[in-house]
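K.L.:
If you read the sequence shown in full-length UniProt numbering, its first letter stands for residue 1, the second for the next number, and so on.
Even glycine gets a Cβ: it sits at the ideal position worked out from N, Cα and C.
Handing you a structure now.
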Amino acid sequence: MVRLCFLMNMISPEAVANSKRAWLKILARYKKPDRRRSTVELAITLIPFATLWALSSAAYAYGHWWGLILILPAAGFLVRIFMIQHDCGHGSFFANRTADDWIGRGLGILTLTPYDCWRRAHATHHASAGNLDERGTGDIKTLTVAEYRQMSWRGRLAYRLYRHPLVMFGLGPIWLFIFEQRLPVGMMRGGLTPWVSSMATNVAIAVVAAALVWFVGIEAFLVVHLPIVVLAGSAGIWLFYVQHQFEETEWAKDSEWEFQHAALHGSSYYDLPPVLNWFTGNIGVHHVHHLSAKVPCYRLQEVLRDYPELREIGRVTLLDSLRCVKLALWDESRSKLVSFREARMIA
């Protein structure tokens, strides 16, 4: 209650009132994509990525190591490719299920992500984000303070390692994108679709990789492509982390959980500089995205422009986000995320 009063004082009365609006109805008019715009967005993402990849491999082949700096923007474009794949998974990029699915599957070869498996897990995430009783699918594992205290020392050690920044944003993306996603982990009983998605994506990745190795050689392929994948994967995990693991986030038991409130207050508005907004497909406007996943990525800023009160809800700046790294446990007594150190001081 104290925290709620504090937040009420920080947010204007107008913003509080507007936070109770029927947002699903309001956002309905932003759902329709411009298919010509979608085509252009796809082209201006794929073509630069392919160009930068080719220039990086050529620089390596001719001994111009300085040219490998192009790996950095190439990783940025790979992040953007994933964000378009993400929109396809929600059926919001072309608003044509067949087109979105097949484009998403194709992009999944570049992002090393079996599209149909990811789409299923991500749909579960959207249906249960912020619900303490529905954790576990498509989320970053988060324990409550009580759950952590009940674990054995081995369990606590494993969880602390899992939440360590070097694992979460370093080893984690390598394991997830290069190894874990090669099998439909967690979907073994999900029927044939997860297996077909995983195996077909694996075969396609192998074919594309073999073709690139044939053109540039195994050494150049590894020197160029692996850093791009790892950097993009780390950036993607970081974005997903900040979108839900921030100080003012809200979680609730199933009996108290409500979709609109969870979307608006359990997801952040990651206020990034314009260039980073572009590379990340505006996914930082995550509370709006969770309110209505059918809004295309390039229309999310339009929502903020028309409803500026949304800029004051769950706002996290680039500097603020650095402080999110320490948050690791949900304190049910205070309804907030806390660090391991803070958890030790809780009676």
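Grab the span of the alpha helix (DSSP H) containing residue 148 for me, first residue to last.
P.N.:
Residue 148 -> alpha helix (DSSP H) spans 145–149.
K.L.:
Identify whether residue 257 lies in helix, strand or coil by the three-state DSSP scheme.
P.N.:
Residue state, collapsed to three classes: coil.
K.L.:
To the nearest angstrom, how far is the alpha carbon of residue 173 from that of residue 233?
P.N.:
Taking the straight line from one Cα to the other gives about 5 Å.
K.L.:
Go through its chain and collect everything with a Cβ distance to residue 5's Cβ below 6 Å, but skip five positions before and after it.
P.N.:
Summary for residue 5: the model assigns pLDDT 42, below 50, so the residue's position carries little reliability; its value from the coordinates is reported in the next sentence. Cβ neighbours of residue 5 beyond the five flanking positions: none.
K.L.:
Given a threshold of 16 other Cβ atoms within 10 Å of its Cβ, counted over all protein chains shown, does residue 188 qualify as buried or as exposed?
P.N.:
Per the 10 Å Cβ criterion, exposed.
K.L.:
Excluding the 5 residues flanking residue 57 on each side, which residues of the same chain have their C-beta closer than 6 Å to its C-beta?
P.N.:
If we look at residue 57 and ignore the five residues flanking it on each side, its Cβ neighbours are 216, 220 and 224.
K.L.:
On the three-state DSSP scale, how would you describe residue 159?
P.N.:
In the structure shown, residue 159 sits in a helix (DSSP, three-state: H, G or I).
K.L.:
Distance check for residue 98 and residue 115, CA to CA, integer angstroms please.
P.N.:
Looking at the two C-alpha atoms, the distance is approximately 13 Å.
K.L.:
For the alpha helix (DSSP H) containing residue 116, list its first residue and its last residue.
P.N.:
Where residue 116 is concerned, the enclosing alpha helix (DSSP H) stretches over 115–128.
K.L.:
Hey, quick one: how far does the alpha helix (DSSP H) through residue 226 stretch, first residue to last?
P.N.:
Run containing residue 226: 218–244, per the alpha helix (DSSP H) assignment.
K.L.:
Taking the CB atoms as reference points, tell me whether residue 118 and residue 89 lie closer together than 9 Å.
P.N.:
Cβ distance < 9 Å, so residue 118 and residue 89 count as in contact.
K.L.:
Between the alpha carbons of residue 94 and residue 34, how many angstroms are there, rounded?
P.N.:
Rounded to whole angstroms, residue 94 to residue 34 spans 8 Å at the Cα level.
K.L.:
What do you get for residue 153, buried or exposed, if any count of 16 or more other CB atoms within 10 angstroms of its CB means buried?
P.N.:
Burial call: exposed.
K.L.:
Would you check if the segment 286–301 and the segment 154–169 touch, i.e. whether three or more CB-CB distances between them fall below 8 Å?
P.N.:
At 8 Å Cβ cutoff, the stretches do not touch.
K.L.:
Who are residue 331's beta bridge partners in DSSP?
P.N.:
Residue 331 pairs with 336.
K.L.:
Just how far apart, CA to CA, sit residue 137 and residue 266?
P.N.:
Computed Cα separation, rounded: 16 Å.
K.L.:
Output the distance between the C-alpha atoms of residue 228 and residue 256, rounded to the nearest integer angstrom.
P.N.:
Roughly 42 Å separates the two Cα atoms.
K.L.:
Helix or strand or just coil, what does DSSP make of residue 295?
P.N.:
Residue state, collapsed to three classes: coil.
K.L.:
Please return the same chain residues whose Cβ sits closer than 7 Å to the Cβ of residue 45, not counting the five positions on each side in sequence.
P.N.:
So the list reads 77, 80, 81 and 84, once near-sequence residues are dropped.
K.L.:
With three or more beta-carbon pairs closer than 8 Å as the criterion, would you say the segment 45–54 touches the segment 287–299?
P.N.:
No contact exists between the segment 45–54 and the segment 287–299.
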